[in-house]
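Going left to right, the sequence shown walks through residues 106 to 256 as my numbering numbers them. Glycine included, every Cβ here is placed at the ideal spot set by N, Cα and C.
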Amino acid sequence: MQISMKCSIAVHCLIFIYEARGKARVTSTLLAQSTSCNPVVIRYILSALKKAELISVERGKGGAELQKAPEEISLYAIYSALEPEGLTSLIGIHSCEGSRCPIAKNIRRVLRDPYEKIEQSVRETMEKITLASMIETYHQGKDVQNILTES
106 MQISMKCSIA VHCLIFIYEA RGKARVTSTL LAQSTSCNPV VIRYILSALK
156 KAELISVERG KGGAELQKAP EEISLYAIYS ALEPEGLTSL IGIHSCEGSR
206 CPIAKNIRRV LRDPYEKIEQ SVRETMEKIT LASMIETYHQ GKDVQNILTE
256 S
């Protein structure tokens with residue numbers, strides 16, 4: 106059980122986009138180099154972030170920019186942009202349809218409420234974490250240098 110790596114890649118990209126504002130045109134190629142990911146993966150992530158209206162990308166030329174202030178972008182918004190099924194895909198219930206076992210017949214009902222509480226707790230926590238707070242954590246690093254010379 107884990108939150109998809111797409112989410113961490115998206116946060117990486119968003120911090121990069123924020124840090125590069127006014128300094129460079131942020132393209133999928135540049136982000137692929139920074140994240141060590143395939144450019145196709147980056148384009149998929151950028152497309153999802155654009156669809157969620159978290160970023161804009163200049164058509165034809167590239168160049169991603171944030172569409173909202175970092176304080177307005179929650180980790181949950183980023184995650185939701187990439188995982189359309191949301192947190193319900195985070196915790197699954199095994200399939201035991203057709204079983205004659207009384208536990209198997211009732212396991213979904215037994216787990217529904219606890220899993221919903223877990224999902225709600227995770228959602229509330231992710232909504233409190235903003236891109237701004239993650240950028241602040243990034244800036245607290247001792248080895249923060251110009252991202253354009255490091256990439």
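Beta-carbon contacts of residue i that lie in its chain and below 7 angstroms, excluding the five residues immediately before and after
| i | result |
| --- | --- |
| residue 198 | 212, 213 and 216 |
| residue 109 | 187 and 188 |
| residue 223 | 196 |
| residue 112 | 183, 184 and 187 |
Neighbourhood of residue i by C-beta distance below 8 angstroms, restricted to the same chain and skipping five residues each side
| i | result |
| --- | --- |
| residue 185 | 157 and 191 |
| residue 114 | 140, 142, 146, 147 and 150 |
Span of the beta strand (DSSP E), counted from its first residue to its last, around residue i
| i | result |
| --- | --- |
| residue 170 | 169-171 |
| residue 160 | 160-162 |
Alpha helix (DSSP H) segment containing residue i, residue limits
| i | result |
| --- | --- |
| residue 151 | 144-156 |
| residue 217 | 207-233 |
| residue 138 | 133-140 |
| residue 104 | Absent from the structure is residue 104, since the part of the chain shown begins at 106 and ends at 256. |
Assumed close pair residue i, residue j - CB separation to whole angstroms, cut-off 8 angstroms
| i | j | result |
| --- | --- | --- |
| residue 149 | residue 240 | Between residue 240 and residue 149 the Cβ distance is about 23 angstroms, and since that is not below 8 angstroms, they are no contact. |
| residue 61 | residue 140 | Residue numbering for the chain in the displayed model covers 106 to 256; residue 61 lies beyond these limits and cannot be assessed. |
| residue 131 | residue 165 | About 15 angstroms separates the two Cβ atoms, so there is no contact after all. |
| residue 180 | residue 234 | 4 angstroms |
| residue 136 | residue 147 | 5 angstroms |
| residue 175 | residue 125 | Contact flag wrong, Cβ pair sits at about 13 angstroms. |
Three-state secondary structure (DSSP) of residue i
| i | result |
| --- | --- |
| residue 179 | strand |
| residue 119 | helix |
| residue 203 | coil |
| residue 198 | coil |
| residue 165 | coil |
| residue 186 | helix |
| residue 256 | Reliability of the predicted coordinates at residue 256 is poor, the pLDDT of 47 falling under 50, and the value obtained from them is presented with this limitation in mind. DSSP places residue 256 in coil when its eight states are reduced to three. |
| residue 113 | helix |
| residue 191 | helix |
| residue 125 | helix |
Residues near residue i in its chain [Cβ-Cβ closer than 6 angstroms; skip 5 each side]
| i | result |
| --- | --- |
| residue 161 | 170 and 172 |
| residue 243 | 120 |
| residue 227 | 192 |
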